[in-house]
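Chemist: Chains A, B and C are the protein sequences, given in the same order.
Per the UniProt record's numbering, the very first residue in the first sequence carries number 1; after that it's consecutive.
Per the UniProt record's numbering, the very first residue in the second sequence carries number 1; after that it's consecutive.
Per the UniProt record's numbering, the very first residue in the third sequence carries number 1; after that it's consecutive.
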Amino acid sequence: MHLAYPAVLAALLFCVGLYGVLARRNAILVLMSVELMLNAVNLNLVAFDVWLRDALHSGQALTLFTIAVAAAEIGIGLAIVLMVHRNRGTSDVDRLRDTAEPRRGDGDTDSTDEKAEAAA
Amino acid sequence: MTTTTLAALVPLLPFLGAAAGLALGRTAPGFVRPLAVLPTLAAAVLAVLVAARQGGGAVIEASTQLTPTGSVPITLGLHVDGFAALVAVLVGAVATCVQVYSTGYLRDDPRYPSYAALVSLFTAAMLLVVYTGDLMVLLVGWEVMGICSYFLVGHYWETPEARAASLKAFLVTKAGDVPFLFGLFALAADAGTFRIDGVLAAVADGRLDHPTPVALLLLAGVAGKSAQFPLHTWLPDAMAGPTPVSALIHAATMVAAGIYFVARLLPVFAASAAAMTVLAVMAAVTMAGSALAALAQDDIKRVLAYSTIGQLGYMAGALAVGDRSAAVFHLLSHAAFKALLFLAAGAVIHAAGTNSLTAMARMGGLARRIPDAYWTMTVALLALAAIPPFAGFFSKEAVLVAAERTALDGADAPAAAGWTVLVAGLLTALLTAAYALRLWLRAFRGHGPAAPDHGRQPIAMTAVLWVLAIPSLGFGLTTAYVDDWFDRDGLGPTLVTAVLGTGLAVAGGAVTYAVWRTLAARAVPPAPAPHVAHPDADAGHVEAEALRLPHPAEDPADPGRALLGPLHRPAAAGFHLDALYDRVLVRPVLGAASLVRFLDREVVDTYVRGAGATAKGLGRLVRRAQTGNVQTYLGALLAGSVVLAIAAVALANAFAGA
Amino acid sequence: MTLAAASPGFLSPTGVEVAFLLVGLVTLGAAVLSVTTRQLVHAALWLVVALGGLAVEYLLLTAEFIAWVQVLIYVGSVVVLLLFGLMLTKAPIGRSPDADSGNRPVALAVAVTAAAALVWVVTDAFRTTWIDLEGPARGSTGVTGEILFQHWVLPFEALSVLLLAALVGAIVLSRKKPEGERD
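(1) Using a threshold of 8 angstroms, state whether the C-beta atoms of M287/B and G317/B are closer than that.
(2) Name the residue from L634/B, L431/B and A345/B whose alpha carbon lies nearest to the alpha carbon of A294/B.
(3) Nearest chain A C-beta to A137/C closer than 8 angstroms, yes or no?
(4) DSSP three-state call for S641/B: helix, strand or coil?
(5) Could you tell me how far apart the beta carbons of L159/C and A68/A are, in whole angstroms, since I believe they sit closer than 8 angstroms?
(6) Taking all protein chains shown into account, do 16 or more other C-beta atoms lie within 10 angstroms of the C-beta of K168/B, making it buried, or fewer, making it exposed?
(7) To the nearest angstrom, report how far apart A252/B and H79/B are at their CA atoms.
(8) Name, going along the chain, the residues of the region 43-54 of chain A whose beta-carbon falls closer than 9 angstroms to a beta-carbon of chain B.
(9) What's the call for T132/B, buried or exposed, on a 16-neighbour Cβ count within 10 Å?
(10) Can you look up I60/B in the DSSP assignment and give me helix, strand or coil?
(11) Using a threshold of 8 angstroms, state whether the C-beta atoms of F122/B and C148/B are closer than that.
(12) Taking 8 angstroms as the CB-CB cut-off, is V630/B touching chain A?
(13) Compare the Cα-Cα distances from G425/B to each of A579/B, V321/B, V511/B and L24/B and report the closest residue.
(14) Kindly indicate which three-state DSSP category L408/B falls into: helix, strand or coil?
(15) List the residues of chain A that Q99/B touches, going by C-beta distances under 8 angstroms, in chain order.
(16) Please decide whether A625/B counts as near chain C, where near means a Cβ-Cβ distance under 8 angstroms.
(17) Kindly confirm or deny that the region 301-315 of chain B and the region 214-223 of chain B touch, where touching means at least three C-beta pairs closer than 8 angstroms.
(18) Which residue or residues does DSSP assign as beta-bridge partners of D299/B?
(19) Could you run through the region 75-105 of chain C and flag, in chain order, every residue whose CB is less than 9 angstroms away from some CB of chain B?
(20) In angstroms with no decimal places, state the Cα-to-Cα distance between Y5/A and T614/B.
(21) To the nearest angstrom, how far is it from the Cα of S33/A to the Cα of A31/C?
(22) Mind checking who W130/C pairs with in its DSSP beta bridge?
(23) Given residue 174/A, which residues of its chain have a CB within under 7 angstroms of its CB, disregarding the five upstream and five downstream residues?
(24) To the nearest angstrom, report how far apart F48/A and W46/C are at their CA atoms.
(25) Along the chain, which unbroken stretches of the alpha helix (DSSP H) at least 4 residues long are found entirely within the region 359-427 of chain B?
(26) Can you list, in chain order, the residues of its chain with a C-beta nearer than 6 angstroms to that of A43/C? Leave out the 5 residues immediately preceding and following it.
(27) Using beta carbons (cut-off 8 angstroms, strictly below), is T63/A in contact with chain C?
(28) In whole angstroms, give me the CA-to-CA distance for L162/C and M1/A.
(29) Return helix, strand or coil for H232/B, following the three-state DSSP convention.
(30) Could you name the residues of the same chain whose beta carbon sits closer than 8 angstroms to that of V21/A, not counting the 5 residues immediately before and after it, in chain order?
(31) Buried or exposed: which applies to T420/B, given that a residue is buried once 16 or more other Cβ atoms fall within 10 Å of its Cβ?
(32) Along the region 110-132 of chain C, what residues have a CB closer than 7 angstroms to any CB found in chain A?
(33) Per DSSP, V80/B is paired with what?
(34) Mapping the DSSP letters down to three states, classify residue 666/B as helix, strand or coil.
(35) Does DSSP put R195/B in a helix, a strand or coil?
(36) Assuming V93/A and I28/A make a contact with CB atoms under 8 angstroms, what is their CB distance in whole Å?
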């Protein structure tokens, strides 16, 4: 079998996951997209393992590890999302903007400083 | 102790006294007076010892080099010849008198500790200038004196006159000091050393390549320091300082430094006929102009200030005819009677409650109120007017004799310089007698209600007056002895100049007296003159208040006005030299300053503000990206990674293809 | 690996390749639907299809153990976990018009560009590479077990610690606080 088939499929799946991560609003859907990206990587690992045939079976072993880590990640991730939902009443990623630059109005202090400087 | 050690201690003691006075002034007020008087007194005694041991014999030379200073070495050195020894005695004596007088004069002044310390520092700097054997070290003392005069003239800094006067004194002397510095460098470059004996040796060998520019540059500094035309304008204004400071500046330090410097380096100046002629013209203009101005002044201290300028003109004239013995001789006797004049004037101002001669002429009994000041001031004015046998007569005769000799044979200096100095000196002798008598008549022979009684003067003040009266009276009679310290024999008067000078002085006095009698006979009853508000305060306080009093405008009984005629108004204003400077120098500088200010505020700062505004604007734009939305950040991050990856692949392909 | 000239062309695919291609298309379609559908539960279900399709792909690549693990872990537990999460966060059933954020155009641009770049690079690199699927099975349960417990024991045990930590963390995070206790 051509290696190009699984490789291209993995690339496309990865980009679909990428789109999901960037475009989805619900945090759980973002986590699903992350799963898609991880699976694309897994597919690559398996395909290259079969092609390279190394004695340690690194690809498949690593795939298993990735699956385990992904399971752990989804568990923790979901716990965090649940907690955020409980505290904030929402799990929409684009409404969690505590790190945003404050709007104009809070910046009045430095504009008065500026005036003082200009007067001095 | 060796003479060298003694000589080194002379400038060191007042300096240590100044340092200790500044350090202890606040914490231990009881020590301030001893710390002010004793080191200066000790320095004076040591200076007398040094002078006695030196005895006009061989020059004491000692030097040590602290550290290598490059191509032209600078040494800490002593160079004590007869002149230095005598001038040091003078400085120490006058400074001691001033310090003692100040303890009474500024009795209740809260700033007395710093004042006394600065006077000590001033004295130390002058003594350093006198004794040093190195021009660079001399410059250090020279500049320390400049800053001390700034502080002391501005002692009453609450008054705007004192502030302006101190700034003016500082700036005008600095205007001379800049060329002076260049002159020193040029001199050292020519002579290859800063040491005075090295420079004199170089002049003797004819190794000085550019004597004229060097001498002229140095003359600028001398004119600033010694208040010679055209840089003399700071001295009358410096009267805003306390009277003892005026006495110190006028008699012993500061103005004497310029004359002493020329006397010490006279061969350098004598090497250039042009410099000698310039010095002679400068001296002549200074003499005659200042005497005219002195005749028109109303403030008693300004009269004395202009008389100082005139007497310094005599000294400069003596130097211009190449006779430094006469110059230093006149410096010594002038220091004695001028210090006395100022200190007595302080007592007069205290007693009269005003510094205006017109106001004094309208009060009676001033002479009876302060007999000590009256008699000593009479002696000093006679000395100033060069009436034999007072000190001024002999020293002025020495100057005139030197000028006459040069005019006739032209040996040491151009004959033209000799004639200039001689004619100006004789004219000034006439005028000096006139203004001295005017001062005396106006101050002590006034008619009107008696001045308020302020009690007796402190003993510290009156004792000093009598001490200073002795040399004013008898210093001239010691010519036969002081000859030892000078490098010329026969400082005594000759018949022609003595008759001419004394005759002119007597004539000037007689005319003034006649005019005064005539005017006094038909004088209308004058309006009451202003007095200070607190006549019972100590003398320094009275003087500070008197500074602010308005001067009575017109007084027809003033003999100076009648004598000068149309010249009175310009003479009273110092021949409008200040106005000229204001128009030619001050206003252009102020205009340039405001232009620079405008350029800085409106042009340079615009760029600065623009830089700030640009950064702020950019920041505001970039801040919009800071949405707090993690997806936006991640999108931007990944977009960047993709772009980088594509760029890397494209580049790799391009290189692989190439 | 064989020489490029000897490798079979794309125009005469083998049976495995055809099957891989078809299943791959289904997987890709399910993935795209999963990230674009406006019904949140449907997204999870489409994810099941995509992950199942991937399991089939693993089988076609002779990695049978991985395939079954994929089915067990992903399809069996992860998706169920996600569905639980959806329900616990009171996700709306049915079409929700605001499933996509305003970041969508940027996301689309980044994804398409990245896809184009990756596909171009990958095809350019592996155009002629041939996987030989014949020979001893690479991914049978026995072989995988032997390898895992011979060469990968230490990472495997470390992984178990990681899983334990994740377990504890998830419990701590999702535990409801007793009244009055603040964190």
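Note that beta-carbon positions come from the ideal geometry of N, C-alpha and C, so glycine has one too.
Bear in mind that the values here come from a model prediction, so they are computed numbers and not experimental data.
Modeler: Let me lay it out:
(1) yes
(2) L431/B
(3) no
(4) helix
(5) 5 angstroms
(6) buried
(7) 19 angstroms
(8) none
(9) buried
(10) strand
(11) yes
(12) yes
(13) V321/B
(14) helix
(15) Those within 8 angstroms of Q99/B in chain A number zero; the least Cβ separation is about 46 angstroms.
(16) no
(17) no
(18) S356/B
(19) S101, G102 and N103
(20) 53 angstroms
(21) 9 angstroms
(22) H2/A
(23) Examination of residue 174/A is not possible in this model, given that chain A is present from 1 through 120 alone.
(24) 27 angstroms
(25) 366-369, 371-384 and 391-409
(26) S34 and T37
(27) yes
(28) 36 angstroms
(29) coil
(30) V30, S33, V34 and M37
(31) buried
(32) V110, A111, A114, A115, L118, V119, V122, T123, F126, R127, T129, W130 and I131
(33) I60/B
(34) With chain B covering only 1 through 658, there is no way to say anything about residue 666/B.
(35) strand
(36) The Cβ separation is near 10 angstroms, so there is no contact.
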